[in-house]
Amino acid sequence: MKTKILLAAATAGVMFAGSVLASTLDDVRARGKLNCIINTGLAGFAAPDDKGNWTGFDVDFCKAVAAATLGDASKVNYTTATGKTRFTKLAAGEGEILSRNTTWTFSRDVDLSQTFVGVSYYDGQGFMAPKALGVKSAKELDGASVCIQTGTTTELNLAEFFSANNISYNAVPIETNSEAQELYKAGRCDVYTTDASGLYSTRASMPVPSDHIIFDEIISKEPLGPVVRHGDDQWADIVAWTLKAMMAGEELNITSSNVKSLAGKDNKNKEINRLLGKDPLQGLSKLGLSADWAVNIISQVGNYAEVFEKNLGMSTPLKIARGANQLYRDGGLFYIPPIK
Amino acid sequence: MSFLNNIWRNEKSREIIIQIVVLICIGWFLSWLIMNVNANFKALGKDISFEFLFIPAGYDINQYLIDYNNRDSHLRAGIVGLLNTGLVAFFGIILATFLGVTIGIIRLSKNWLASKIAYWYVEFTRNVPILLHILLWHGIIINVLPHPKKAINIADVSFLSNRGFYIPKPLTENGIELVYLFFVIGIIFSILFLKYSKKKQDLIGVQYPVFWINLSVIICLPLIAFFVSGMPISLEIPVLKGFNFRGGMYMSPELAALTFALGIYTAAFIAEIVRAGILAVDKGQREAAESIGLRPSKVMNLVVLPQARRVIIPPLTSQYLNLTKNSSLAIAIGYMDLVATLGGISLNQTGREMETMVIVMLIYLCVSLSISALMNWYNNRVKLVGR
């Protein structure tokens with residue numbers, strides 16, 4: 109009797125577990141929509157616009173993957189996650205991609221059984237303070253109250269930075285960016301620290317952005333990028349090459365406005381032909397993608413430069429310079445493997 | 003067959019069979035749950051391990067009752083968090099009990115205004131979710147109180163600002179042992195005197211002002227010792243240095259907000275429990291007490307409250323438990339309690355959500371059961387002895 113029950117339980121457990129192993133691409137295609145985990149609200153990266161549609165750099169990446177796999181960038185369901193819940197939500201299958209300015213670290217990659225497919229934004233932790241405070245460097249912050257967002261790498265960076273410089277601080281841990289902003293505004297903290305991109309975003313949403321300065325010094329490396337679950341290499345490749353296709357688009361001067369005409373003719377640069385499906389790209393069928401995957405990405409979402417400028421660039425309130433986030437030929441860190 | 007039939011017909015054996023079946027069902031369900039978790043964890047490539055408890059936590063905690071720095075283990079970080087939970091629960095329970103009993107009594111006052119104010123307090127407070135109370139108090143404290151540079155100065159030794167309430171910290175020097183010794187002697191004397199005066203009252207009906215005598219003994223004895231041994235306590239006074247006050251002791255805005263919110267919210271429930279308890283005491287008891295000439299305060303303290311206590315204690319216990327468990331909402335304002343340390347940052351840094359959550363749940367269970375046990379012991383002491 110007892111063994112029977114255990115057997116039944118084991119079978120039920122294995123059957124339940126079995127569903128996790130199905131191909132992620134098949135799941136997405138069957139559903140007709142991509143589930144994407146994004147930030148609860150960070151201007152420029154993932155924030156609802158005045159019509160309630162999610163927009164931003166991380167959101168556009170979700171759209172690019174939807175364009176590549178489903179042919180339609182609008183077929184995305186968004187799930188929000190805090191810094192604390194994001195990995196659990198990804199592991200539990202609430203989304204196929206975690207596109208939420210997530211730092212790539214060794215233990216997150218290895219110990220948490222997830223795959224970082226590439227870097228979409230090179231960031232670093234910085235500090236923001238009111239100009240009136242009269243402080244210009246983080247090393248002058250001895251004894252300061254520091255607002256930090258919990259559930260991120262910032263806590264560890266902060267602890268290491270302050271003990272390395274032998275100065276003390278008083279940490280005020282906050283769950284979300286918007287709450288941290290309220291406390292910073294109320295003067296509960298002297299400075300606010302998070303990734304520099306987040307600081308630019310926060311400053312842009314202050315009543316008077318020019319009253320606050322962001323220190324030049326960056327105390328950590330924060331390579332941010334999309335994350336997928338371990339165990340489905342096909343899906344990891346799709347997400348990785350979606351990102352690379354956007355960067356390749358910039359390198360090859362393919363933009364959302366000229367991609368259709370370039371795709372229709374035979375280009376001298378054969379790499380353009382291969383990317384846009386004019387010439388065959390060996391192995392594409394193994395990814396399960398159609399020949400026009402990159403055309404869909406670039407025409408519906410844009411190349412990397414377009415997405416960056418639209419969400420974060422100088423024409424936006426965030427005014428973030430490209431810095432490290434440009435192609436190697438322009439002095440940045442993006443070096444894309446050949447599309448061959 | 004008829005044998006089985008007989009077993010089923012027999013009331014006693016039928017009861018046993020039903021209980022066994024239910025037990026098997028529950029056991030089956032639990033084992034299914036556990037195996038399901040295991041199978042899914044395996045499929046995700048995760049294992050269950052508690053080794054992370056012993057690696058350095060790496061993050062700082064802004065309030066610690068035992069020594070802690072970011073090189074200590076996750077386990078120690080969890081203990082620091084647990085102590086912070088205990089601290090806020092302790093303050094909260096004291097505030098809630100004091101406020102609740104007072105308001106419960108005022109609510110029954112014959113004074114129309116006083117009773118209406120207590121009524122509105124109860125209705126207004128207990129019908130607003132606790133999380134809003136916490137956010138409201140925190141918002142008030144950090145927005146209304148001034149920046150440290152413009153802190154409210156109390157006699158140059160204490161300062162009130164939106165970074166907390168700073169008071170001088172007593173530092174002990176050589177010779178302090180004498181003060182401690184006399185403090186203990188004072189307490190021992192008080193206990194003996196309490197017993198003596200009780201006996202005396204039982205014998206010949208004399209009443210000593212026990213409270214005032216004991217209080218002055220407990221205060222005066224150590225005070226005399228303090229002066230005799232050459233004042234071996236110095237004060238570390240907080241001073242504004244750089245961004246914040248340094249030195250002294252301080253209560254953070256988060257701890258204050260949480261204590262106020264938990265205390266004031268729970269007090270509304272306790273007030274109703276106290277009111278119900280007092281009303282449950284037979285009217286004749288009060289009238290009898292009044293008729294033998296006891297003053298109103300004596301009527302309340304000697305006759306009504308001791309009887310009301312029996313009705314009050316069991317529901318009061320669950321309010322204490324609620325308060326302790328509600329303190330886990332501390333994370334909303336960044337107070338580093340158990341949920342924020344072990345169940346928050348440690349969880350996130352190590353990715354061990356199953357393990358940390360199981361530990362946190364077990365700890366809350368243990369804390370709640372201990373409070374229950376304590377209150378049950380007290381309840382057994384005050385309850386009506388059956389004859």
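Taken in order, these protein sequences are the chains called C and V.
Following my numbering, the numbering of the first sequence begins with 109 at its first residue and continues without gaps.
Following my numbering, the numbering of the second sequence begins with 3 at its first residue and continues without gaps.
Every residue gets a Cβ at the ideal spot worked out from N, C-alpha and C, and that includes glycine.
Three-state secondary structure (DSSP) of residue i
i	result
Q390 (chain C)	coil
R297 (chain V)	coil
C170 (chain C)	helix
D217 (chain C)	helix
A252 (chain C)	strand
S78 (chain V)	Here the sequence assigns Arg to residue 78 (chain V), which means Ser is not the residue at that position. DSSP places R78 (chain V) in helix when its eight states are reduced to three.
C368 (chain V)	helix
Y229 (chain C)	strand
Y380 (chain V)	helix
F153 (chain C)	coil
W34 (chain V)	helix
R11 (chain V)	helix
N40 (chain V)	helix
T260 (chain C)	coil
V316 (chain C)	coil
M253 (chain V)	strand
W349 (chain C)	helix
E238 (chain V)	strand
is_contact[residue i, chain V] using C-beta, thresh 8 Å
i	result
S286 (chain C)	no
N209 (chain C)	no
A117 (chain C)	Low local confidence applies: a pLDDT of 46 at A117 (chain C) is under 50, so the model's placement there is unreliable, and no value is given.
P156 (chain C)	no
A120 (chain C)	Only weak support is given to the placement of A120 (chain C): the predicted model assigns it a pLDDT of 45, under 50, and the value that follows is read from those uncertain coordinates. Closer than 8 Å to some Cβ of chain V, the Cβ of A120 (chain C) qualifies, so yes.
K239 (chain C)	no
F195 (chain C)	yes
S271 (chain C)	yes
A199 (chain C)	yes
A371 (chain C)	no
L264 (chain C)	yes
Chain C contact for residue i (CB, 8 Å cutoff)
i	result
Y70 (chain V)	no
H76 (chain V)	no
M338 (chain V)	yes
I347 (chain V)	yes
G353 (chain V)	yes
N1 (chain V)	In this structure chain V extends from 3 to 389, so residue 1 (chain V) is not present and cannot be described.
R165 (chain V)	yes
Residue from the options whose Cα sits closest to the Cα of residue i
i	options	result
I81 (chain V)	V:G345, V:Q351, V:A258 and V:Y198	V:G345
A189 (chain C)	C:T260, C:S328 and C:S131	C:T260
L384 (chain C)	C:I362, C:S286, C:P156 and C:Y443	C:I362
L385 (chain V)	V:M363, V:F185, V:V130 and V:L307	Looking at the sequence shown, residue 385 (chain V) is not Leu but Lys. Answer by Cα proximity: V:L307.
G179 (chain C)	C:R337, C:N147, C:T210 and C:T350	C:T350
G149 (chain C)	C:L133, C:V218 and C:T284	C:T284
G393 (chain V)	V:P224, V:D204, V:K200 and V:A157	Nothing about residue 393 (chain V) can be reported from this structure: the residues present for chain V run from 3 to 389 only.
C222 (chain V)	V:M251, V:Y182, V:E256 and V:Y366	V:Y182
S216 (chain V)	V:I193, V:Y380 and V:L162	Just to set this straight, residue 216 (chain V) is Asn in the shown sequence, not Ser. With distances taken between Cα atoms, N216 (chain V) lies closest to V:I193.
Contacts of residue i in chain V (Cβ-Cβ under 8 Å)
i	result
I146 (chain C)	Simply none; closest approach about 18 Å.
L291 (chain C)	I144 and G336
K192 (chain C)	G346, L349 and N350
Under 7 Å by beta carbon: chain C residues contacting residue i
i	result
F245 (chain V)	G251, A252, S253 and D298
K48 (chain V)	S221
I333 (chain V)	E283
H149 (chain V)	G295
D62 (chain V)	A267 and A279
R311 (chain V)	What R311 (chain V) touches in chain C: nothing, since even the nearest Cβ is about 41 Å away.
Proximal residues of chain C, C-beta to C-beta of residue i below 8 Å
i	result
N145 (chain V)	A294
A342 (chain V)	T258 and P281
P255 (chain V)	R296
R248 (chain V)	G251
Neighbouring residues, chain V, relative to residue i (Cβ below 7 Å)
i	result
H451 (chain C)	There is no way to answer for residue 451 (chain C), as the model of chain C reaches only from 109 to 448.
S105 (chain C)	As displayed, chain C neither begins before 109 nor continues past 448, which places residue 105 (chain C) out of reach and without an answer.
Cβ distance (whole Å) where residue i is taken to contact residue j below 8 Å
i	j	result
I105 (chain V)	A120 (chain V)	5 Å
M377 (chain V)	I314 (chain V)	Between I314 (chain V) and M377 (chain V) the Cβ distance is about 11 Å, and since that is not below 8 Å, they are no contact.
V409 (chain C)	A172 (chain C)	5 Å
T261 (chain V)	Q321 (chain V)	Actually they are not in contact, since the Cβ atoms of T261 (chain V) and Q321 (chain V) sit about 15 Å apart, beyond 8 Å.
Proximal residues of chain V, C-beta to C-beta of residue i below 9 Å
i	result
K332 (chain C)	Reading the sequence as shown, one finds Leu at residue 332 (chain C) and not Lys. Those do not exist, as L332 (chain C) stays about 16 Å from chain V at its closest Cβ, beyond 9 Å.
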